[in-house]
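Q: Taken in sequence, the protein lines are chains A and B. Heads up: the first sequence runs through residues 1039 to 1410, numbered per this note's numbering. Heads up: the second sequence runs through residues 351 to 521, numbered per this note's numbering.
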Amino acid sequence: MTEEARIRSAITQVAADWYAAHRVGQPSDADRAAFLAWLKASPLHMEEYLGVAALDRSMAAATQETGLSKETLIELARADLGAIPLDHGATAHRQPPPSRPPEVRPWRPALAAAGIAILASGAGFLAWRSSDHATPVDVRTYRTGHGEQSARPLADGSMLRMNTDTLVTVRFSPLERTIELDHGQVAIHVVHDERRALHVRAGSTDTVAIGTDFDVYRRTDSTLITVVSGQVSVSVDSPVPPQRLAQVPAKPPSKRRVGAAQQLEVVADVPAPEPRPADLRETTAWLERKVVFEERPLAAVAEEFNRYNDIVFAIDDPTLRNLKISGNFDAADIASFAAFLGSLGGVHVERLPASFRVSRVRTKPTTVPQRS
Amino acid sequence: MPELRARFVEKLFSEHRYALQAFFSRRLRTKQDAADLVQEVYLRMLRVRDSDAIRNPEGYLFTVATHVVYEHSLAARRAPGSVDAEPVEAAAMPDPSHGFEELFDLQARVARLQQVLAQLPPKCRATVHLRYQHGLSYQEIGTALGISAHMVQKYLGIALAHCRRRMVSLR
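1. Buried or exposed: which applies to arginine 514 of chain B, given that a residue is buried once 16 or more other Cβ atoms fall within 10 Å of its Cβ?
2. By a C-beta neighbour count over all protein chains shown, 10 Å radius and 16 as the cutoff for buried, is aspartate 1371 of chain A buried or exposed?
3. So, using beta-carbon positions, are glutamine 489 of chain B and alanine 476 of chain B closer together than 7 Å?
4. Leaving out five residues before and five after serine 447 of chain B in sequence, what residues of the same chain have Cβ atoms less than 7 Å from its Cβ?
5. Got a sec: which bits of the stretch 1077–1103 of chain A sit with their beta carbon under 8 Å from any beta carbon on chain B, in order along the chain?
6. Could you give the residue range of the beta strand (DSSP E) that holds valine 1208 of chain A?
7. Looking only at its chain, what residues have a beta carbon closer than 6 Å to the beta carbon of aspartate 1220 of chain A, apart from the 5 residues adjacent to it on each side?
8. Along the beta strand (DSSP E) that carries glycine 1365 of chain A, what are the first and last residues, could you check?
9. Three or more beta-carbon pairs under 8 Å between the stretch 403–419 of chain B and the stretch 383–395 of chain B, yes or no?
10. Is the CB of serine 1374 of chain A under 7 Å away from at least one CB in chain B?
11. Got a sec: is the Cβ-Cβ distance from methionine 501 of chain B to anything in chain A below 7 Å?
12. For my contact list, valine 414 of chain B and proline 1081 of chain A are in at a C-beta cut-off of 8 Å; report their separation, rounded to the angstrom.
13. May I have the straight-line CA-CA distance separating leucine 1318 of chain A from histidine 1237 of chain A, to the nearest angstrom?
14. Let me check one thing: in DSSP terms, what residues is isoleucine 1217 of chain A bridge-paired to?
15. Between arginine 1209 of chain A and proline 1174 of chain A, what straight-line distance do the alpha-carbon atoms span, to the nearest angstrom?
16. Would you kindly check if the distance between the Cβ of tyrosine 420 of chain B and the Cβ of serine 1364 of chain A is under 7 Å?
17. Give the DSSP-derived three-state secondary structure of leucine 1077 of chain A in the structure shown.
18. Could you check whether the Cβ of glycine 1383 of chain A sits closer than 7 Å to any Cβ belonging to chain B?
19. Are arginine 1327 of chain A and alanine 1369 of chain A closer than 7 Å when you measure CB to CB?
20. Anything in chain A within Cβ reach of threonine 522 of chain B, meaning under 8 Å, just list it in chain order.
21. Tell me the rounded alpha-carbon separation between aspartate 1251 of chain A and valine 1266 of chain A.
22. Using 7 Å as the limit for Cβ to Cβ distance, is alanine 403 of chain B near chain A?
23. Using the Cα positions of aspartate 1194 of chain A and histidine 1060 of chain A, report the straight-line distance between them to the nearest angstrom.
24. Give me the subset of the stretch 1251–1275 of chain A whose CB atoms are less than 8 Å from a CB atom of chain B, sorted by chain position.
25. Compare the beta carbon distance of threonine 1207 of chain A and threonine 1245 of chain A with 7 Å and say whether it is the shorter of the two.
26. Going along the chain, which unbroken runs of the alpha helix (DSSP H) with 4 or more residues stay wholly within the stretch 1288–1366 of chain A?
27. Report yes if the CB atom of leucine 1111 of chain A is closer than 7 Å to the CB atom of leucine 480 of chain B, and no otherwise.
28. How big is the Cα-Cα spacing for glutamine 1051 of chain A and isoleucine 508 of chain B?
29. Report yes or no: do the stretch 1322–1342 of chain A and the stretch 1305–1312 of chain A share at least 3 C-beta pairs separated by less than 8 Å?
30. Between glutamate 1218 of chain A and arginine 1199 of chain A, which are expected to be in contact by the criterion C-beta below 8 Å, what is the C-beta distance as a whole number of angstroms?
31. Return yes when the Cβ of alanine 1099 of chain A is within less than 7 Å of the Cβ of valine 460 of chain B, no when it is not.
32. Given 6 Å as the limit, tell me if isoleucine 1363 of chain A has its C-beta closer than that to any heavy atom belonging to the ligand ATP.
33. Just mark serine 1066 of chain A as buried or exposed, buried being the case when its beta carbon has 16 or more other beta carbons within 10 Å.
34. Proline 1309 of chain A and valine 1296 of chain A: beta carbons closer than 7 Å?
35. Of all the CB atoms in chain A, is at least one closer than 7 Å to the CB of glutamine 464 of chain B?
36. Expressed to the nearest angstrom, what Euclidean distance is found between the alpha-carbon atoms of glutamate 1113 of chain A and valine 502 of chain B?
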């Protein structure tokens, strides 16, 4: 092996160690700084890191095709005597990144808090079960503030997760399960119960599920229903304004079936004729407090950040507002988003007390120079 | 709930796959482009002055990389007569699910990767499969194999580096 190959091999190992470390929890401040310094030290470091990350997709495909069961794999590992033959003499250069506390996910505390709630709701559930036949209803109201999220296990074992600025009222009775979404966004994992369908009502829009995972986002004038798995049925009661009663014949609310990885938008009480394919990454990113966007106009992305943060992005220039960008950020990490915008050619970002003002530098084009 | 969470995490885990793979795809390899793109990403990383502002350096790197690939595809679209010019609809984000060449590329890579994985020591290999095939956490893998989560992380690092080295020699 040449000296150059040896060095590259060692860099690959450090890159892979960092990559594996990053798949567990959030790095500490020190680790983060060390990683960034390592990345910036050489383009070779960065290329190897990207190369290791790019393996991901093939790794999933390659392992899945083998169809090995967990049991077989565990047996395979147990038969191993523990020797780790390593190649390439890479170990001499290794500086393994520090280990992390296992699996610390940002929303764990929320779930722990919710664990207390489940005891409380469980008690309520028993209370109305044992009470007499007057169809008792268990009513609970949950709310999140600006930038806040929470996870609520429901009495039937379903899980309700609420995004920022959300208000819901949950009504459970032995006969039905209803969640009224006053405003905001919820993702629901519905536990199967054939006798009690679960309804999510967002104004006039009623989404019915028996057992499935789906997301409902109610905005001022529209509601977006996205199904992750299973299917739901969506109907809209159209309250016909009195002055139009004469022209519009009364018709039964139309039902739309929305299947896995599809979404249906209801605008001003009118559902789209057909569900459309959904980008589940974008829809479900909020569950990890992420903002994920692919070729979306800058203005729309900025608005998404503004949902979570007190410091807002202000963009007036129409060209910039329509600039298509792609990326993936922690929703609260506005500093990184600002840095990202600043890294684009021709974009100037100014930090004001309550906002980031994003403007165009007139002398340069807003995209990278063309390549020959 | 755990399976729901696992599914979401898996989706997010994979969100940069296409863009990252584009760096190493055959289409880019045919020219100097891939090296240029890596260089461009690197320059933008260097522009980050205030390192404390970057809460998630890895996410930041992927985001910049994704965007550079996207800008590159736009530039290729605008340059008529260039070898890279493609129909507008195909040129947006590189997505291997469109285009036979990318698909072929992927199949070849997967087949090769299976051979490479088979070279790993058994514990290491089992760790990779439990992670990527069965979606277990480090902690869960550790419990199943009777080793520490830290050891699991180490095995994955060894396996990933091994695969990366062997896959580089493929191109």
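Heads up, the beta-carbon is just placed ideally off N, CA and C, and yes, glycines get one too. All figures in this text were calculated on a predicted structure; none of them were measured in a lab.
A: Once the coordinates are examined:
1. For the purposes of this step, residue 514 of chain B is taken as the residue at position 164 of the second sequence. Looking at its Cβ environment, which holds 16 or more other Cβ atoms inside 10 Å, arginine 514 of chain B is buried.
2. Within the first sequence, residue 1371 of chain A is the residue found at index 333, counting from 1. Taking all protein chains in view, the Cβ of aspartate 1371 of chain A is crowded by 16 or more other Cβ atoms within 10 Å, so the residue is classified as buried.
3. Position 139 of the second sequence, counted from the first residue, corresponds to residue 489 of chain B. Position 126 of the second sequence, counted from the first residue, corresponds to residue 476 of chain B. Going by beta carbons, glutamine 489 of chain B and alanine 476 of chain B fall outside the 7 Å limit.
4. Counting from 1 along the second sequence, the entry for residue 447 of chain B is found at position 97. Bear in mind that a pLDDT of 41 at serine 447 of chain B, under 50, signals an unreliable position, so the number given afterwards is only what the model happens to contain. Within the same chain, serine 447 of chain B has no close Cβ partners at all.
5. Hits within the stretch, in order: Leu1077, Lys1078, Pro1081, Met1084, Glu1085, Glu1086, Tyr1087, Leu1088, Gly1089, Val1090, Ala1091, Ala1092, Leu1093, Asp1094, Arg1095, Ser1096, Met1097, Ala1098, Ala1099, Ala1100, Thr1101, Gln1102 and Glu1103.
6. Translated into positions along the first sequence, residue 1208 of chain A becomes position 170. Looking at the DSSP string, the run of the beta strand (DSSP E) that includes valine 1208 of chain A is 1204–1210.
7. If you number the first sequence from 1, residue 1220 of chain A lands on position 182. Within the same chain, aspartate 1220 of chain A has close Cβ partners Leu1205.
8. Reading the first sequence from its first residue, position 327 is the one you call residue 1365 of chain A. 1362–1368 is the extent of the beta strand (DSSP E) around glycine 1365 of chain A.
9. Output reads yes: the stretch 383–395 of chain B touches the stretch 403–419 of chain B.
10. One-based indexing of the first sequence puts residue 1374 of chain A at position 336. Chain B, which has a Cβ nearer than 7 Å to the Cβ of serine 1374 of chain A, makes this yes.
11. Working through the second sequence from its first residue, we reach residue 501 of chain B at position 151. Not an interface residue.
12. One-based indexing of the second sequence puts residue 414 of chain B at position 64. One-based indexing of the first sequence puts residue 1081 of chain A at position 43. Contact check for valine 414 of chain B and proline 1081 of chain A: beta-carbon distance about 13 Å, past the 8 Å limit, so the pair fails to qualify.
13. Taking the first residue of the first sequence as 1, we reach residue 1318 of chain A at position 280. Taking the first residue of the first sequence as 1, we reach residue 1237 of chain A at position 199. The straight-line gap from Cα to Cα measures roughly 21 Å.
14. As a first step, residue 1217 of chain A is located in the first sequence; it is residue number 179 there, counting from the start. Under DSSP, isoleucine 1217 of chain A shares a beta bridge with A/Val1208 and A/Val1238.
15. Numbered from its first residue, the first sequence carries residue 1209 of chain A at position 171. Numbered from its first residue, the first sequence carries residue 1174 of chain A at position 136. Cα-Cα distance, rounded: 10 Å.
16. Here residue 1364 of chain A refers to the residue found at position 326 of the first sequence. Here residue 420 of chain B refers to the residue found at position 70 of the second sequence. Contact check for serine 1364 of chain A against tyrosine 420 of chain B passes: the beta carbons are separated by less than 7 Å.
17. One-based indexing of the first sequence puts residue 1077 of chain A at position 39. Reduced to three states, the DSSP call for leucine 1077 of chain A is helix.
18. For this step, residue 1383 of chain A is matched to residue 345 along the first sequence. Not one chain B Cβ lies under 7 Å of glycine 1383 of chain A.
19. As a first step, residue 1327 of chain A must be located in the first sequence, where it is residue number 289. As a first step, residue 1369 of chain A must be located in the first sequence, where it is residue number 331. Contact: yes.
20. Chain B is shown only over 351 to 521; residue 522 of chain B falls outside these bounds and no answer can be derived.
21. In the first sequence, residue 1251 of chain A corresponds to position 213, counting from 1. In the first sequence, residue 1266 of chain A corresponds to position 228, counting from 1. One C-alpha to the other measures close to 5 Å.
22. Counting from one through the second sequence, the residue named residue 403 of chain B turns up at place 53. So, interface residue.
23. Sequence index remark: in the first sequence, residue 1194 of chain A carries index 156 (1-based). Sequence index remark: in the first sequence, residue 1060 of chain A carries index 22 (1-based). When rounded, the distance between both Cα atoms is 35 Å.
24. Answer in chain order: Asp1251, Val1266 and Ser1267.
25. Stepping through the first sequence from its first residue, residue 1207 of chain A is reached at position 169. Stepping through the first sequence from its first residue, residue 1245 of chain A is reached at position 207. No.
26. Complete alpha helix (DSSP H) runs here, min 4: 1318–1322, 1336–1346 and 1356–1360.
27. Against the first sequence, residue 1111 of chain A aligns to sequence position 73. Against the second sequence, residue 480 of chain B aligns to sequence position 130. Yes. Within cutoff.
28. The residue given as residue 1051 of chain A occupies position 13 in the first sequence. The residue given as residue 508 of chain B occupies position 158 in the second sequence. Taking the straight line joining both Cα atoms gives about 7 Å.
29. When C-beta atoms of the stretch 1322–1342 of chain A are compared with those of the stretch 1305–1312 of chain A, fewer than three pairs fall below 8 Å, so the two segments do not count as touching.
30. By 1-based counting over the first sequence, the position of residue 1218 of chain A is 180. By 1-based counting over the first sequence, the position of residue 1199 of chain A is 161. Contact annotation, glutamate 1218 of chain A with arginine 1199 of chain A: C-beta distance approximately 16 Å; criterion of less than 8 Å not satisfied.
31. Along the second sequence, one-based indexing puts residue 460 of chain B at 110. Along the first sequence, one-based indexing puts residue 1099 of chain A at 61. A contact, by the Cβ cut-off of 7 Å.
32. Because no ligand of any kind appears in the structure shown, any question about the ligand ATP cannot be addressed here.
33. The count along the first sequence starts at 1 and reaches residue 1066 of chain A at position 28. Label assigned to serine 1066 of chain A: exposed.
34. Walking along the first sequence from the start, residue 1309 of chain A turns up at place 271. Walking along the first sequence from the start, residue 1296 of chain A turns up at place 258. Result no, Cβ atoms of proline 1309 of chain A and valine 1296 of chain A do not sit closer than 7 Å.
35. What you label residue 464 of chain B is simply residue 114 of the second sequence in a count that begins at 1. Yes, glutamine 464 of chain B lies at the interface with chain A (some Cβ there is under 7 Å from its Cβ).
36. Taking the first sequence and counting its residues from 1, the one referred to as residue 1113 of chain A is at position 75. Taking the second sequence and counting its residues from 1, the one referred to as residue 502 of chain B is at position 152. If you take the alpha carbons of glutamate 1113 of chain A and valine 502 of chain B, they lie about 16 Å apart.
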